[in-house]
Amino acid sequence: MREEMLKIGIDYDDLLSRLANHEQLALKLLKKFLNDETINTIKQAYLNQDYDLLLKSVHTLKGVSGNLAMKSLFCITKNWVDDLRKENHATTDEFYQQCLKEYDFIYNGLKTIFDEGSQ
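Going by the working numbering, the final residue of the sequence shown carries number 122, and the count climbs one at a time with no gaps.
Here it is in structure tokens:
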């Protein structure tokens, strides 16, 4: 499991250490991530140029990705939040694309891991 998670950008050892090595809880939280609606809110806020909602939603995803040891997604959202707080919207398009790409990579990887594990 550790190697599969590392391949999709999740530091599984870090995640387990955050959860007192409770692997079942880690897997449960990662499965919940697959049903999280934050990315849809980010997409809508981006399309509507609603920067207040975008900041709130990206900040939420930053927290989720940090807590789940999704290192690259956390880094992207952290930097994006910093720019949004400064009202620097010049980087929004770039961060939006990076965020979607990394989110999709992790999401699809988790789907594959969990789908293969259920067979």
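Here a beta-carbon is modelled for each residue, glycine too, at the ideal position from N, C-alpha and C.
Q: Report the three-state DSSP secondary structure of methionine 4 (helix, strand or coil).
A: coil
Q | Sequence ranges, alpha helix (DSSP H) only - wholly within the region 57-101, length at least 4 | A | Listed in chain order, the alpha helix (DSSP H) runs fully inside the region 57-101 are 74-88, counting runs of at least 4 residues.
Q) What is the C-beta distance between isoleucine 11 and phenylalanine 108, in whole angstroms, given that I count them as a contact (C-beta under 8 Å)? A) 6 Å
**Q.** Where isoleucine 11 sits in the DSSP three-state scheme
**A.** Correct three-state label for isoleucine 11: coil.
Q.
My output table needs one value for asparagine 111: the three-state DSSP class, helix, strand or coil.
A. Here asparagine 111 sits in helix by DSSP.
Q) DSSP on aspartate 39, reduced to helix/strand/coil? A) DSSP places aspartate 39 in coil when its eight states are reduced to three.
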